[in-house]
Each structure stands twice: as C-alpha cells, then as structure tokens.
Amino acid sequence: MAPPKRTYTAMFVFFYMSSYIFQSHGSLDIGVGPSGGFPTDGDSDDRVSVSLYYESLCPYCANFIVNKLVRLFTTDLGSIVNLRLIPWGNTQTAPNHGWICQHGPDECLLNLVEACAISSWSNLEIMQFRFVYCIELLHLENRHSDWKSCFAATGLSEIPVRDCFNNGVGILLEQGYAAETASLIPTHRFVPWVLVNNQPLQEDYENFEAYICSAYNGSRTPQACSQQALSVGSNMVKTSSITPSGFCLRE
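Residue numbers for the sequence shown follow full-length UniProt numbering, beginning at 1 and rising by one.
Structure below.
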C-alpha cells in the first residue's frame, strides 16, 4: 500500500530551504566545462525551441538531463536551440495553497531551487543548465542532499539565487510553472515531457535530437545533425525504434 501523501506549503518550503541554502561546500566535477563545448553561435531567428517539463527528483528526468539533454552542450547542436527548463512536473497544488510533490519535500525544495537558478541566469542557458545538471547528477548518485555544493562546483554565485528567495520570486516562479504545465495541450501524462517547437514528443522524447534537426530551417546546419542517421518523413520524424528509459507517470 502506498504511503499517504503529504502537503508541503510553499511558505514552509521557502523557510526550510533558506535556513541552510548558503552554507559552504566543496567542488564537484559535473563533466561540463565552464565555457568550452557550449555553442553560442547560430541564426537566432531560426532556432528550434526545446522545452523540458520535469521534476527534480524523478530519476528518469535526472537521467535524461545528465545523459541525453547534455548533448545540446557537448556537441554543436545547441547552436540552433532555445532551451527552456520548467521544473514542476507532476507536482500538485493543494486547497491550502500547498504543494504535493511526487517524491516528497526534497523535491518541492529542489524544484524551487532550480526555478530560482533558471530565473537568475535567464539569458544564459549555459549557466542554467550547468546548475541543474549538477543537482540532477547528484540525484543519480543518491546525493541530492548535497545540492548546495553545486554553487562551488559550477563557479556560479549564490547571490542571485539568495535574492530570488528573499524577495519571494521563487514561489511566484513555481506558481507560474504550475499554470503553464496545467495548460499543456495535450495534457502531459508523465515526465520528462519534451516539446520541440511546441510539439510534444511523448514516449519518443529520447529521440529529441532527430526532431530538432528535422525542425531546423536555418542555413547553418550543425555537424551533430549531419552525423546522425535521421529517420524522417515529409515533415515529421518517424517514431524511433528506441524504447525510452522510462518516465514518472502523472498521478
């Protein structure tokens, strides 16, 4: 029998986190350099939009971010992509304005941490991803409680994240992500839920690279696209034969 769900109010999460967020920790090798390997060129008007709806402690989301989505930044594929990260996932809102997180209070906490990091570096996809990647890698190693080490590991300042918390923006960000996720058409059935140019990939989410390359209409085709054996139809990528690693179902 599944354990009863608990409701965690946004204000509880805020004070729980702010009580220890800015302790000092050692470095962590996250496998992505501070600048090298992150493409910055490309035709901005022709970029393909990629949106990832996820939750911080879903193991399948963590695996996708660390082992799949990272290819945007370890190849030149990212040069044609605008990436958005939306950390809400299968979280539910409760009548008392609380949050019911699928993987417990730590997930509520880390969703909010990642929302603040994304907002703090809103014009720097590289910085956003480096920080989120670090936390999700720790989760795969069963060490997500060490998330504070990601400030030192990535070389990113804690100040903007702290300010996000002090002025209450983090809670507002999560409320916005909740509304955006709830308005998805079709409704998301699980996470990770990936959209390429606003089209949901559904179970074929791990084939995102092929969809990106197929959707790109610019003149500077990245090498990552030319190297792939893409299975494409007229204007649509055919269903991949690869079985996805898994997903966290919406309850």
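From the three backbone atoms N, C-alpha and C, an ideal C-beta is built for every residue, glycine too.
When Pro95, Tyr53, Pro87 and Ser49 are compared against Gly78, the one with the closest alpha-carbon
On the sequence shown, position 78 is the one that residue 78 refers to. Taking only the C-alpha atoms, the option nearest Gly78 is Ser49.
Supposed contact pair Leu52 and Ser119 - C-beta distance, whole angstroms, cut 8 Å
For this step, residue 119 is matched to residue 119 along the sequence shown. For this step, residue 52 is matched to residue 52 along the sequence shown. In fact, because the Cβ distance is near 16 Å, the residues do not count as touching under 8 Å.
What three-state label does DSSP hand Arg84 in the structure shown?
In the sequence shown, the residue the question calls residue 84 occupies position 84. In this structure, Arg84 counts as strand in the three-state DSSP scheme.
Name, in chain order, the residues that DSSP records as bridge partners for Thr93.
Residue 93 sits at position 93 when you count from the first residue of the sequence shown. Thr93 is bridged to Trp99.
Along the chain, where does the alpha helix (DSSP H) that runs through Val169 open and close?
Your numbering for residue 169 matches position 169 in the sequence shown. Where Val169 is concerned, the enclosing alpha helix (DSSP H) stretches over Val169 to Ala182.
Ala182, buried or exposed, once every other Cβ within 10 Å from all chains shown has been counted against 16
Looking up residue 182 in the sequence shown gives position 182. Label assigned to Ala182: exposed.
Cutting at 6 Å between CB atoms, please list the residues of its own chain near Cys225, excluding the five before and the five after it.
Taking the first residue of the sequence shown as 1, we reach residue 225 at position 225. Cβ within range, chain order: Cys213.
Are there 16 or more other CB atoms within 10 angstroms of the CB of His103, so buried, or fewer, so exposed?
Your numbering for residue 103 matches position 103 in the sequence shown. It counts as buried.
What does a CB cutoff of less than 8 Å around Leu140 pick up in its chain, not counting 5 residues either side in sequence?
Taking the sequence shown and counting its residues from 1, the one referred to as residue 140 is at position 140. If we look at Leu140 and ignore the five residues flanking it on each side, its Cβ neighbours are Pro59, Ala62, Asn63 and Val66.
For Asn82, which residues from the same chain have a beta carbon less than 6 Å from its beta carbon, with the 5 sequence-adjacent residues on both sides left out?
Stepping through the sequence shown from its first residue, residue 82 is reached at position 82. Arg47 and Ser49, listed in sequence order.
Please go through the same chain and pick out, in chain order, the residues whose beta-carbon is closer than 6 Å to the beta-carbon of Asp146, but skip the five residues on each side of it.
The residue labelled residue 146 in the question sits at position 146 within the sequence shown. If we look at Asp146 and ignore the five residues flanking it on each side, its Cβ neighbours are Leu138.
Within 10 angstroms of the Cβ of Gly246, are there 16 or more other Cβ atoms? Answer buried if so, exposed if not.
Stepping through the sequence shown from its first residue, residue 246 is reached at position 246. It is exposed - the Cβ of Gly246 has fewer than 16 other Cβ atoms within 10 Å.
With Tyr54 and Val191 assumed to form a contact (beta carbons below 8 Å), what rounded beta-carbon distance in angstroms separates them?
Along the sequence shown, one-based indexing puts residue 54 at 54. Along the sequence shown, one-based indexing puts residue 191 at 191. Between Val191 and Tyr54 the Cβ distance is about 5 Å, and since that is below 8 Å, they are a contact.
Rounded to whole angstroms, what is the Cα-Cα separation between Asn96 and Ala153?
Within the sequence shown, numbered from 1, the residue matching residue 96 stands at position 96. Within the sequence shown, numbered from 1, the residue matching residue 153 stands at position 153. Those two C-alpha atoms are separated by around 37 Å.
Straight-line gap, Cys72 to Gly98 (C-alpha atoms, nearest Å):
To locate residue 72, count along the sequence shown from 1; it is residue 72. To locate residue 98, count along the sequence shown from 1; it is residue 98. Residue identity check: residue 72 is Leu in the sequence provided, not Cys. Whole-angstrom Cα-Cα distance: 35 Å.
Looking at Glu251 and Asn123, is the spacing between their C-beta atoms short of 8 Å?
As a working note, residue 123 is residue 123 in the sequence shown. As a working note, residue 251 is residue 251 in the sequence shown. Not closer than 8 Å, so no.
In three-state DSSP terms, what is Leu52?
Along the sequence shown, one-based indexing puts residue 52 at 52. Residue state, collapsed to three classes: strand.
To which residues of the same chain is His144 closer than 7 Å at the C-beta, ignoring the five residues directly before and after it?
Looking up residue 144 in the sequence shown gives position 144. Leu57, Asp106, Leu110, Ile135 and Leu138.
How would you write the range of the alpha helix (DSSP H) that Val132 sits in, first residue to last?
Locating residue 132 in the sequence shown gives position 132, where the first residue counts as 1. Where Val132 is concerned, the enclosing alpha helix (DSSP H) stretches over Glu125 to Leu140.
Inter-residue spacing [alpha-carbon to alpha-carbon] between Leu184 and Trp193:
Mapped onto the sequence shown, residue 184 falls at position 184. Mapped onto the sequence shown, residue 193 falls at position 193. When rounded, the distance between both Cα atoms is 10 Å.
Using DSSP bridges, identify the partner residues of Cys248.
In the sequence shown, the residue the question calls residue 248 occupies position 248. Cys248 is bridged to Val191.
Distance, Lys68 Cα to Glu209 Cα
What you label residue 209 is simply residue 209 of the sequence shown in a count that begins at 1. What you label residue 68 is simply residue 68 of the sequence shown in a count that begins at 1. Approximately 9 Å between the Cα atoms of the pair.
Nearest to Gly155 (by Cα), restricted to the options Asn198, Gln128 and Thr187:
As a position in the sequence shown, residue 155 is number 155, starting the count at 1. Gly155 has its Cα closest to that of Gln128, out of Asn198, Gln128 and Thr187.
Where do the ends of the alpha helix (DSSP H) carrying Ile65 lie?
Within the sequence shown, the letter at position 65 stands for residue 65. Taken as a continuous stretch (DSSP letters only), Ile65 belongs to no alpha helix (DSSP H), as it is neither H nor E.
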